[in-house]
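Per the working numbering, residue 1 is the first one in the sequence shown, and the count goes up by one each step.
All C-beta atoms, glycine included, are put in the ideal place defined by N, C-alpha and C.
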Amino acid sequence: VGWIAAHPKVVEVLDRAASPYRIPTASLAAAAAALGDRAAIARHAASIRQERARLRQALRVRGIPAPASEGNFLLMPLGRRAGAVLASLARQGIRLRDRSSDPGLAGHLRVTVGTPAQMRRFLSALDRAMGRRIR
């Protein structure tokens, strides 16, 4: 479930491109309940910040200077290696977003911050994709 706050003209354009399948009522109810639990939201945000910092440090150790982020993701500047790393990760069941076609982001992959277990799995797969063994 997601939302947007935008100028009405922007919303109009996005609405024309939206899926014809709207969000189920149960999903809307779950989202409303989740938004009402401020303590859970705060815990989740703190967890994302902590894992993002750990992931950024782990990437630095691997020679990948991920820029700082305030979101739930990091960008990995991999240059010419991006395509091969992306393909290898996909073969290992890890899906990342290729941001290479975005202005100024050639060779960048976007990794969403997950749970500690998910991040360990990602880093292990990344090491295999890059032909490295990091301890």
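Check, Outcome
"Using only alpha-carbon positions, find the residue among R99, D127, T115 and K9 that is nearest to A51.", "With the sequence shown as reference, residue 51 is identified as Glu, and Ala is not the correct amino acid for it. Nearest of R99, D127, T115 and K9 to E51, Cα basis: T115."
"P77 by DSSP, collapsed to three states: which one?", "strand"
"Which residues share a DSSP beta bridge with T112?", "F73"
"Return the CA-CA distance between V11 and V1, expressed in angstroms with no decimal places.", "16 Å"
"Run through DSSP, which three-state label would R22 get?", "coil"
"Comparing C-alpha positions only, which one of G93, A32 and D98 sits nearest to Q118?", "G93"
"For A68, count neighbouring C-beta atoms within 10 Å of its own C-beta (all shown protein chains included) and say buried if the count is 16 or more, exposed if not.", "exposed"
"So within the region 81-112, which uninterrupted beta strand (DSSP E) runs reach at least 3 residues, ignoring any that extend past its ends?", "108-112"
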